[in-house]
Amino acid sequence: MKKVLVSGLTAAGLILTATASLSAPVKAPPAAPAAAPALAASLAPAEKLRLQEQLEGDGRIQALSGPRTLGALVSIGGRKIQLPADAFIAKFVVGIDCMPGGPCPDELPFLILARGQSQVWVGPRTGRIFHERTAPGHDQAFAFLREVTQP
Amino acid sequence: MTRRPFLTTLVAAAMALMLLAGTGSAHHFTYLGEDPDFQDGRWSGVENYAFYWWSAASSSLWWWAESDLQTGTQTAVANWQSATGLPFYKAPSRATADLVIVENNDLEAFGIVELTEVAADPGRDANYTYRAQATIRNSGEAPVGGWQATIAHEIGHVIGLHEGYQDANNEEEGEAFCNPQSTIMNSGSCANRPEKPSSLDINRVINLYQTGEMLNLTSSSSWFTNSLHVTWQDGAWGEYEHRLYLYYWDGAKWAMLDHVSHTAQTGTRESNWNNRTLTRTFPRSAYGKPAGYYMVCGYPLFRHGGVGTWRCSNYSWVY
Chain A
0 MKKVLVSGLT AAGLILTATA SLSAPVKAPP AAPAAAPALA ASLAPAEKLR LQEQLEGDGR
60 IQALSGPRTL GALVSIGGRK IQLPADAFIA KFVVGIDCMP GGPCPDELPF LILARGQSQV
120 WVGPRTGRIF HERTAPGHDQ AFAFLREVTQ P
Chain B
0 MTRRPFLTTL VAAAMALMLL AGTGSAHHFT YLGEDPDFQD GRWSGVENYA FYWWSAASSS
60 LWWWAESDLQ TGTQTAVANW QSATGLPFYK APSRATADLV IVENNDLEAF GIVELTEVAA
120 DPGRDANYTY RAQATIRNSG EAPVGGWQAT IAHEIGHVIG LHEGYQDANN EEEGEAFCNP
180 QSTIMNSGSC ANRPEKPSSL DINRVINLYQ TGEMLNLTSS SSWFTNSLHV TWQDGAWGEY
240 EHRLYLYYWD GAKWAMLDHV SHTAQTGTRE SNWNNRTLTR TFPRSAYGKP AGYYMVCGYP
300 LFRHGGVGTW RCSNYSWVY
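Quick note, the sequences are listed as chains A and B, same order. Residue numbers 0 to 150, in numbering that gives the first Met the number 0, belong to the letters of the first sequence in order. Residue numbers 0 to 318, in numbering that gives the first Met the number 0, belong to the letters of the second sequence in order.
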């Protein structure tokens with residue numbers, strides 16, 4: 000009995016659904032709302048240079064890597080850490096084309112920190128060390144990271 | 000697509016973007032949305048999505064390459080440009096380039112791409128990429144597809160494509176993820192990386208910058224549920240969200256009742272990852288409106304940027 004009732008209701012629902020637009024008591028509306036914005040634009044060379052000068056003049060440009068990050072305050076593994084004065088962010092990597100057998104971090108972005116001839120690849124979100132290469136005699140080049148990183 | 004409508008679309012889109020994003024983001028295209036801690040301290044970093052890019056605003060890319068990489072870069076750029084229509088320009092100097100391509104044969108990878116400078120965008124309370132650099136290893140064991148493919152791969156990142164199109168967390172630790180489909184965004188250690196962008200890459204970029212849409216957007220209603228039920232195909236290659244706008248016909252105009260983001264990302268390990276049927280139900284009771292005509296419009300949403308083509312469903316009577 001219950002099955003019959005359910006079937007009957009389902010059939011009625013289907014009919015009502017199929018005929019909804021026919022039996023609707025209000026005059027059908029017109030065309031759909033207008034288009035939403037899309038994108039794409041390009042700048043002429045002169046515009047580009049003008050905008051660059053404006054942005055740099057406004058002080059809105061921030062270096063993510065290079066010598067300007069010597070001794071910078073960085074966030075690694077959820078903690079802030081001050082780089083030594085002779086260490087800096089060599090690269091703020093957002094994509095990598097890995098070599099077979101080479102380091103291949105699965106966390107992006109990752110940082111390549113440099114100190115002298117040594118470097119370490121570290122994931123800023125997790126604090127994981129993906130690769131470390133220290134110069135002879137500088138095994139402790141990145142000892143300052145130990146508190147915030149994991150191997 | 001004929002040239003004239005395309006140009007018209009470009010102009011209209013440029014104007015819309017200037018209004019939406021301000022002059023800052025009209026310059027570059029890749030938003031830094033990785034980690035709020037890396038946002039400039041003045042900005043809260045609302046674009047906080049791990050491993051996703053926001054590609055929008057200016058689609059022009061000015062490149063500069065070191066001499067040994069000039070030929071490979073020119074070819075890689077030409078392949079992207081001819082296939083997608085994106086405007087690339089050779090910058091007159093390294094200092095004026097959006098993307099600098101350099102060689103380093105000590106690099107322990109075939110190539111990497113990094114952000115070197117970001118610019119604050121008050122309009123979005125976030126930073127966007129001001130300058131990027133790709134470093135290419137140009138000697139030793141060659142990657143699948145050759146060095147030029149590595150340059151094309153890194154350019155792919157800069158214009159908004161992900162490594163192998165994988166989701167976060169679906170690769171094995173320490174190993175390159177290889178998409179089973181042929182794509183320039185596969186690592187150079189993957190067997191199926193082509194020499195130049197594949198149809199998958201080209202379609203994806205075109206979706207990103209031009210034609211991404213909610214395919215077969217259809218609404219229906221049921222007497223049982225008093226709801227508007229909407230279905231559509233992803234049509235945006237798996238990694239977008241979609242923004243849906245619910246409209247109600249008030250007798251004089253379509254009145255917007257709600258807008259929601261719907262995650263369409265399926266992940267490349269599902270066979271239908273780029274063409275999945277998606278659904279959303281809007282119960283009429285949630286909006287306090289009487290029975291009447293309802294419909295949904297929307298477009299693919301690529302992390303806070305409306306891209307692609309606006310589509311509307313049919314309208315349905317909701318009891």
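Where is the CB? At the ideal position from N, CA and C, for every residue including glycine.
Near residue i, which residues of its chain fall below 7 Å by C-beta distance, leaving aside the five closest residues on each side in sequence?
i, result
"A:Q116", "A134"
"A:R124", "E106"
"A:I111", "A89, K90, V92, Q118 and W120"
"B:G145", "E194"
For residue i and residue j, I'd like the C-alpha separation in whole angstroms.
i, j, result
"B:L60", "B:P86", "7 Å"
"B:A96", "B:A131", "9 Å"
"B:E162", "B:F176", "8 Å"
"A:L69", "A:L63", "11 Å"
"A:I75", "B:N191", "35 Å"
"A:A23", "B:G291", "Since pLDDT at A:A23 reaches only 42, below the 50 mark, its modelled position is unreliable, and no value is offered."
"A:R49", "B:D249", "48 Å"
"B:G139", "B:E65", "18 Å"
"B:I212", "B:R242", "Residue identity differs from the one stated: residue 212 of chain B is Glu in this sequence, not Ile. Using only the alpha carbons, I get a separation of about 11 Å."
"B:I154", "B:V76", "8 Å"
"B:M319", "B:S284", "Look at the range of chain B in this structure, 0 to 318, and you will see that residue 319 of chain B is not part of it."
"B:V101", "B:D67", "9 Å"
"A:R127", "B:T182", "29 Å"
"B:I205", "A:A142", "47 Å"
"B:N215", "B:W231", "5 Å"
"B:F109", "B:E194", "14 Å"
"B:E116", "B:P91", "19 Å"
"A:G101", "B:G287", "59 Å"
"A:G58", "B:A141", "41 Å"
"A:Q139", "B:W62", "39 Å"
"B:T74", "B:I135", "15 Å"
"A:Q51", "A:Q61", "13 Å"
"B:I201", "A:R145", "44 Å"
"B:N178", "A:P99", "16 Å"
"B:L259", "B:Y298", "The question names Leu, yet the displayed sequence has Val at residue 259 of chain B. Going by the C-alpha atoms only, they are around 11 Å apart."
Quick check on DSSP: helix, strand or coil for residue i?
i, result
"B:S66", "helix"
"B:V317", "strand"
"A:V147", "coil"
"B:T278", "strand"
"B:S81", "helix"
"B:H261", "strand"
"B:N215", "strand"
"A:G65", "coil"
"B:E140", "coil"
"A:L82", "coil"
"B:R310", "strand"
"A:Q118", "strand"
"A:L50", "helix"
"A:L107", "coil"
"B:L199", "helix"
"B:T115", "strand"
"A:H137", "coil"
"A:R59", "coil"
"B:Q132", "strand"
"B:Q180", "coil"
Spatial neighbours of residue i within its chain, please: CB distance less than 8 Å, with the 5 preceding and 5 following residues excluded, ordered by chain position.
i, result
"B:S220", "S226, L227, H228, Y293, S315, W316, V317 and Y318"
"B:V295", "L216, S218, L227, V229, L243, Y244, L245, Y246, R279, F281, C311 and S312"
"A:C97", "C103"
Take the Cβ of residue i as the centre, count every other Cβ of all protein chains shown within 10 Å, and call the residue buried at 16 or more, exposed below.
i, result
"B:P196", "buried"
"B:S312", "buried"
"B:T149", "buried"
"B:Q69", "exposed"
"B:S198", "exposed"
"B:E107", "buried"
"B:N104", "exposed"
"B:E113", "buried"
Which residues in the same chain as residue i place their Cβ atom closer than 6 Å to its Cβ, once the five residues preceding and following it in sequence are excluded?
i, result
"B:L160", "M184"
"A:Q81", "L72"
"B:Q180", "L199"
"B:Q80", "F87"
For residue i, which residues in chain A fall below 7 Å Cβ to Cβ?
i, result
"B:G110", "D96"
"B:L114", "L63, F91 and V93"
Who are the neighbours of residue i on chain A, taking C-beta pairs under 9 Å?
i, result
"B:P142", "D96 and M98"
"B:H152", "G94 and D96"
Can you list the residues of chain A that residue i reaches, using a CB-CB cut of under 8 Å?
i, result
"B:G187", "D96, C97 and M98"
"B:H241", "Within chain A, no residue comes near B:H241; the closest Cβ sits about 12 Å away, beyond 8 Å."
"B:A118", "L54, R59, I60 and Q61"
"B:H156", "V93 and G94"
"B:Y286", "None at all; the shortest Cβ gap to chain A is about 17 Å."
Which residues in chain B sit within 8 Å of residue i, going by Cβ to Cβ distance?
i, result
"A:H130", "E107"
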